[in-house]
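Chains as they are written, first to last, in the working numbering: chain A, 1 to 453; chain B, 454 to 906. Glycine included, C-beta positions come from ideal geometry on N, C-alpha and C. Source: prediction; values computed, not measured. Presented below is the structure to which this report refers.
There are 2 protein chains.
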Amino acid sequence: MNTKILLQESDMPTHWYNVVADMPNPPAPPLGPDGKPVGPDALAAIFPDAIIEQEVSAERWIPIPDAVRDVLRLWRPSPLYRAERLERALGTPARIYFKNEAVSPAGSHKPNTAVAQAYYNKVEGIRRLTTETGAGQWGCSLALAGQLFGLEVDVYMVKISFGQKPYRRSMMRTWGANVFASPTDRTESGRHILAEHPDSPGSLGIAISEAVEIAAGRNDTNYALGSVLNHVLLHQTVIGEEAKRQLAMVGDYPDMIFAPCGGGSNFGGIAFPFFADKAAGKDVRLVAVEPTSCPTLTRGVYAYDFGDAIGLTPLMKMYTLGHDFMPPGIHAGGLRYHGDSALVSQLHHEGLVDAVAVPQLETFEAGVLFAKTQGIVPAPESCHAIAAAVREARHCAETGEPKTLLFNLSGHGHFDMSAYDRFLAGELEDFDYPEDAIEASLSHLPKVAPPGA
Amino acid sequence: MNTKILLQESDMPTHWYNVVADMPNPPAPPLGPDGKPVGPDALAAIFPDAIIEQEVSAERWIPIPDAVRDVLRLWRPSPLYRAERLERALGTPARIYFKNEAVSPAGSHKPNTAVAQAYYNKVEGIRRLTTETGAGQWGCSLALAGQLFGLEVDVYMVKISFGQKPYRRSMMRTWGANVFASPTDRTESGRHILAEHPDSPGSLGIAISEAVEIAAGRNDTNYALGSVLNHVLLHQTVIGEEAKRQLAMVGDYPDMIFAPCGGGSNFGGIAFPFFADKAAGKDVRLVAVEPTSCPTLTRGVYAYDFGDAIGLTPLMKMYTLGHDFMPPGIHAGGLRYHGDSALVSQLHHEGLVDAVAVPQLETFEAGVLFAKTQGIVPAPESCHAIAAAVREARHCAETGEPKTLLFNLSGHGHFDMSAYDRFLAGELEDFDYPEDAIEASLSHLPKVAPPGA
Chain A
1 MNTKILLQES DMPTHWYNVV ADMPNPPAPP LGPDGKPVGP DALAAIFPDA IIEQEVSAER
61 WIPIPDAVRD VLRLWRPSPL YRAERLERAL GTPARIYFKN EAVSPAGSHK PNTAVAQAYY
121 NKVEGIRRLT TETGAGQWGC SLALAGQLFG LEVDVYMVKI SFGQKPYRRS MMRTWGANVF
181 ASPTDRTESG RHILAEHPDS PGSLGIAISE AVEIAAGRND TNYALGSVLN HVLLHQTVIG
241 EEAKRQLAMV GDYPDMIFAP CGGGSNFGGI AFPFFADKAA GKDVRLVAVE PTSCPTLTRG
301 VYAYDFGDAI GLTPLMKMYT LGHDFMPPGI HAGGLRYHGD SALVSQLHHE GLVDAVAVPQ
361 LETFEAGVLF AKTQGIVPAP ESCHAIAAAV REARHCAETG EPKTLLFNLS GHGHFDMSAY
421 DRFLAGELED FDYPEDAIEA SLSHLPKVAP PGA
Chain B
454 MNTKILLQES DMPTHWYNVV ADMPNPPAPP LGPDGKPVGP DALAAIFPDA IIEQEVSAER
514 WIPIPDAVRD VLRLWRPSPL YRAERLERAL GTPARIYFKN EAVSPAGSHK PNTAVAQAYY
574 NKVEGIRRLT TETGAGQWGC SLALAGQLFG LEVDVYMVKI SFGQKPYRRS MMRTWGANVF
634 ASPTDRTESG RHILAEHPDS PGSLGIAISE AVEIAAGRND TNYALGSVLN HVLLHQTVIG
694 EEAKRQLAMV GDYPDMIFAP CGGGSNFGGI AFPFFADKAA GKDVRLVAVE PTSCPTLTRG
754 VYAYDFGDAI GLTPLMKMYT LGHDFMPPGI HAGGLRYHGD SALVSQLHHE GLVDAVAVPQ
814 LETFEAGVLF AKTQGIVPAP ESCHAIAAAV REARHCAETG EPKTLLFNLS GHGHFDMSAY
874 DRFLAGELED FDYPEDAIEA SLSHLPKVAP PGA
C-alpha cells in the first residue's frame with residue numbers, strides 16, 4: 001500500500017463541479033436592503049462578468065480554462081495520502097485518507113480560486129485586484145495568482161496582523177503585492193475610521209470596506225474574495241474531484257468526509273463533488289467542522305443576514321450568529337466568520353450536510369498527534385478536520401467498523417507555530433458561549449420579509 | 454510537457470550511492486591531535502556501529518533499510534520540476550530542472566539523513582539523540598526523525614537563535630523534542646561558559662560541545678550531525694538518484710548541476726550520483742555554490758583543519774578558511790561553515806567538482822525571480838543554487854546553447870521571510886573579504902605533518 005496516491009497532470013480535472021445543479025431546491029437569492037432579490041448586475045462594479053455568471057450558474061459542469069489549469073499544475077494535482085501511521089497510533093480499523101492542499105506555494109487550498117479569479121479579471125482587461133486579509137493566507141494566495149497573470153494586487157491587511165504577523169506580509173511582498181496596514185488614508189472608509197480612532201488596530205470589516213471602495217471606484221480595478229461566495233466554492237471543487245479519482249485508484253470510497261468550515265470554501269471544495277453521488281442515492285456523510293468558539297452551523301440560525309460585520313453587503317440566507325457576533329481570538333483565524341456560505345447553509349438546513357463543533361484544545365491535540373505520526377504540521381484550521389476524523393476513528397476502534405474516512409488537510413501550520421507554542425505551554429483554552437450571548441447578537445439580525453412574501 | 458516529473462513510491466532508491474567507490478584516490482584519513490590517522494573506534498562513543506561503518510566504507514552501493522524507506526515515503530520520492538516559467542522569464546534556450554526537497558515535513562533535504570541516523574541508533578538500543586542547531590533546520594529534521602522512531606531528541610539551540618527564531622523551536626517541540634537554549638547549565642561545557650559569560654548568546658561551537666559531551670557521557674545516548682561527514686552525504690544521495698531517473702523519464706540529462714554548498718550534504722546529495730557517470734567518462738559539470746561571504750572552496754586552502762570552531766574534532770583534510778574564521782551574519786545560515794565535506798573538498802582539489810561564489814544580493818534577486826515565476830519561495834541557501842543556474846541560463850541566452858541545467862531546491866523559505874523582508878527593503882548588503890582577512894584566519898591552521906610523512 002502506498003502512502004501517497006498520485007495523479008499525473010494529465011489527470012487534472014477539466015471542469016469544476018457546480019453543486020447547484022444537484023441541490024433539491026434552487027439557492028435562496030441574495031436580497032437588497034429593500035428586501036428584493038439582488039440581480040447579478042449589482043456585482044458588475046467589482047467582479048468580472050465571467051465570475052458573476054458562475055456566481056448564479058446552475059450548470060453542473062463549468063470548464064476550467066487552459067490558462068488556469070496551466071498555473072494550477074505548478075502544484076496540482078495534490079497528493080492524496082493514506083494516514084497509516086495515524087491509524088496505527090489510534091488502533092483503529094478505520095482507513096483514514098487526507099487530501100494535502102498544503103503543497104501549494106501559498107501553503108493552503110486558497111490559491112485554487114485565486115488563480116481562477118485572477119485569470120478572469122485579466123482577460124476582461126482589469127489591471128489591479130484589491131482584497132482584504134487578516135492573518136494573510138488569502139492575501140498571499142491572491143498575491144501569487146496576480147503575479148502569475150501580471151496583475152497588480154493591493155492587499156488591505158488588518159493593521160494588528162500587519163504588525164504581529166510579519167511573515168505572511170513578507171511573502172505577499174515577495175510575490176510583488178502591495179500590502180497596506182488597514183485602516184489606511186487611501187480610502188474614504190479608512191480616513192473616516194482614522195479620524196475617529198487614529199490608533200485603530202483595524203478589523204476585517206474595515207479592510208473589506210477599503211478594498212471594495214477602491215475596486216468600486218476604478219474601472220481598471222476589481223475586488224476578489226477568498227470564500228463564502230458560490231464561485232469561490234466552485235473553484236475549490238478540484239479538490240474533491242481529484243480525491244474521488246484517487247480513492248477510486250485504490251478501490252475505496254469514503255463513508256465520511258470532514259473539512260474545516262469557516263466561510264465554506266474548504267468544505268465545499270472537498271465535499272461537493274461527493275454530493276453529486278449522495279444526490280444520486282450514495283451513502284456518504286459530509287461533515288463540516290467548526291470551532292465551538294464560532295459555532296455558526298451548530299448554534300446559529302438559518303436566516304437572512306449581512307455577509308460583513310458592518311452591513312454593506314447584500315443579505316444572504318445562511319446560518320449566522322448575527323453579523324456583529326464577535327468570536328474570541330482563537331488561532332484558527334480562518335474559521336472566525338459569523339456566517340457561512342449560502343450553499344453550505346442551505347444543504348445543512350435541508351439535512352444533507354452534517355456539522356460538528358470542536359473545542360480548540362481538542363483541535364491542537366489532534367494536530368500534534370498528526371504531526372507526530374504523519375510528519376506534517378497542520379494549520380490550526382485543518383486541525384479541526386483532523387480532530388473530527390480522529391473522533392470518528394476512535395469510535396470505529398470501539399465498534400470495530402472499518403469505515404473509510406477522508407479529510408481535507410487544507411494547509412500547513414508553518415506560519416502558525418506561535419499557536420502551537422502556546423498550546424504546548426498550556427496557555428490556550430476552550431471557549432463555549434452561554435446561550436444568551438448568542439441570542440444577543442442574533443437579536444440584531446436585519447428584519448426582512450422572505451422573498452415573495 | 455509536464456511541470457512535475459513524478460516517481461511512485463515503488464521507484465524509490467533501494468541503495469545509497471557511495472562516491473568513494475568511484476573517486477580516483479582514496480579519501481584522506483582524519484587525523485588525531487598527534488597527527489596520526491584516527492580509527493573508526495574513536496567515534497564509537499557517540500555514533501552507532503552501522504554509521505561508523507558507512508563513514509569509512511568504500512562499497513559503491515549500500516542498502517537502505519526497509520524501515521528507513523518506509524519513513525522516507527512520507528514525502529519521497531520528491532518531485533522533479535521543469536521550471537518553464539523561469540526559463541520564459543529569462544528568455545533562455547536552456548532547460549532548467551529543479552529537485553524539490555522542500556516537500557519534506559521539516560521543509561528541507563535534512564530529514565533524508567536524520568531518518569537514517571535515527572533508525573540505526575534505534576536498532577542499536579540507543580534511547581536518546583543529542584544534537585546542536587543554529588536556526589533550527591537540522592534540529593527540526595532530527596526531532597521529526599526521532600519522533601517517528603520513538604527516540605528522545607535533545608536539541609541544543611544557539612541561545613540567540615532560540616530567542617530570535619521561535620518558530621523552528623516551536624516546530625521541534627511539536628515533534629516532541631526537548632529544546633535547550635545553549636549554553637545551558639546541563640553540561641560542563643555550558644557551565645564553564647556561563648561562569649565566565651553569564652549573558653553569552655551562545656554559538657554553534659558551544660552547542661556542539663554540549664551535545665557531544667552529553668552523548669559521550671551516556672551509554673543510552675548518541676550524537677547526530679546534519680552535514681559534513683561521509684555518512685551524511687551518503688544518505689542524501691537519494692536526491693540525485695531520483696533526479697537521474699526522473700530526467701531519464703523525459704529523455705534528458707544535465708550538462709550542469711548546481712547545489713548550495715555549506716557542509717556539503719546538499720551538494721553531495723544531488724551531485725554524487727551523477728559523479729558515477731562522470732567517472733565513467735560522461736560530460737557533466739558539478740557546481741558547488743557558496744556565498745562570497747564564506748568562500749570556502751573558492752578562496753580557502755586545501756589543508757588539515759578542525760571541523761569545529763574550538764578544535765575538539767579530529768583534523769580533516771578539506772578546503773577551509775581556518776576554523777576560527779567568522780563569517781558575517783548572512784541569511785543563508787546553513788552556508789556559514791568555515792570548512793567543507795572532506796569528500797567534496799578532495800573532488801574539488803582534483804578538479805572534478807567546480808565551485809562558484811555568489812554575493813548575497815544576487816542570491817535574493819534570483820530567489821525572488823524564482824518565487825515570482827514558479828511560485829515557491831526558496832530558502833536563502835537554495836537561492837545560491839538558483840542564482841548560479843540563472844547565471845548560466847542567461848549565458849545560454851547569449852550563446853544560444855540549449856543546455857540542460859539541474860539544481861537542488863534544498864528547502865523552502867517559510868521560516869526565513871524576515872530575510873526576504875530585509876532584502877525587499879534594501880537593507881541587505883554584499884560582503885567580500887579582503888585577502889588579508891582570510892590570510893589571518895588561515896594563519897591559525899593547526900600544524901600537522903601530512904600522514905605518512
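The segment 155–171 of chain A / the segment 126–145 of chain A touching (three or more Cβ pairs under 8 Å): yes
Asp885 of chain B versus Arg218 of chain A: straight-line alpha-carbon distance, rounded: 48 Å
CB contact below 8 Å: Thr852 of chain B versus chain A: no
Per-residue contacts from Thr456 of chain B into chain A (C-beta, under 8 Å): Glu9, Arg73 and Leu74
Element boundaries [alpha helix (DSSP H), containing Met172 of chain A]: Pro166 to Thr174
Trp528 of chain B: first and last residue of the uninterrupted beta strand (DSSP E) it sits in: First-last for Trp528 of chain B: undefined, no H or E at that position.
Expected contact under 8 Å - CB spacing of Phe711 of chain B and Ala841 of chain B to nearest Å: 5 Å
Inter-residue spacing [alpha-carbon to alpha-carbon] between Leu405 of chain A and Asn100 of chain A: 14 Å
Alpha-carbon to alpha-carbon, Pro27 of chain A and Ala143 of chain A: 31 Å
CB contact below 8 Å: His414 of chain A versus chain B: yes
Phe728 of chain B - partner residues in DSSP beta bridges: Answer is none; Phe728 of chain B lacks a bridge partner.
Spatial distance of Glu666 of chain B from Ser680 of chain B (CA atoms): 19 Å
Selected residue, minimal CA-CA separation from Thr292 of chain A, among A:Leu148, A:Gln8, A:Gly150 and A:Glu435: A:Glu435
Identified DSSP bridge partners for Val123 of chain A: Answer is none; Val123 of chain A lacks a bridge partner.
Residues from the segment 810–826 of chain B in contact with chain A, defined by Cβ distance under 9 Å: Gly820, Val821, Ala824, Lys825 and Thr826
Where Ile330 of chain A falls: helix, strand or coil (DSSP): coil
Minimum Cβ-Cβ distance from Val179 of chain A to chain B less than 8 Å: no
Cα-Cα separation between Glu512 of chain B and Ala474 of chain B, rounded to whole angstroms: 6 Å
Partners in chain A for Tyr873 of chain B, counting only beta-carbon separations shorter than 8 Å: Ser170, Met171, Arg173 and Thr174
For Trp16 of chain A: DSSP bridge partner residues: A:Ile62
Min CB distance Pro887 of chain B to chain C below 8 Å: The chain inventory of the structure shown lacks chain C, comprising the protein chains A and B.
Gly268 of chain A beta carbon near the ligand COA (any heavy atom closer than 7 Å): Ligands in the displayed structure: none, and consequently the ligand COA is not present.
Chain-ordered chain A contacts of Lys597 of chain B [CB-CB under 8 Å]: One detail in the question is off: residue 597 of chain B reads as Leu in this sequence, not Lys. Correct list: Gly375.
Cβ of Met417 of chain A within 8 Å of any chain B Cβ: yes
Beta-carbon separation (whole angstroms), Leu862 of chain B vs Ala555 of chain B, contact threshold 8 Å: 6 Å
Span of the beta strand (DSSP E) around Ala280 of chain A: No beta strand (DSSP E) contains Ala280 of chain A, which DSSP labels as neither H nor E.
Trp75 of chain A classed as buried or exposed, judged by whether at least 16 other C-beta atoms fall within 10 angstroms: buried
Contact with chain B by Pro105 of chain A, beta-carbon distance below 8 Å: yes
Helix, strand or coil at Ser561 of chain B according to DSSP, with G and I counted as helix: strand
Interface flag, Pro619 of chain B vs chain A, CB-CB below 8 Å: yes
Boundaries of the alpha helix (DSSP H) in which Pro833 of chain B is found, first to last residue: Pro833 to Thr852
Beta-carbon proximity check, Thr373 of chain A vs Gly339 of chain A, cutoff 8 Å: no
Burial state of Thr399 of chain A, where buried means 16 or more other Cβ atoms lie within 10 Å: exposed
Endpoints, the alpha helix (DSSP H) within which Ile46 of chain A is located: Neither: Ile46 of chain A is in no alpha helix (DSSP H) and is coded neither H nor E.
Ala547 of chain B to Ala724 of chain B span [Cα, whole Å]: 19 Å
is_contact[Gln600 of chain B, chain A] using C-beta, thresh 8 Å: yes
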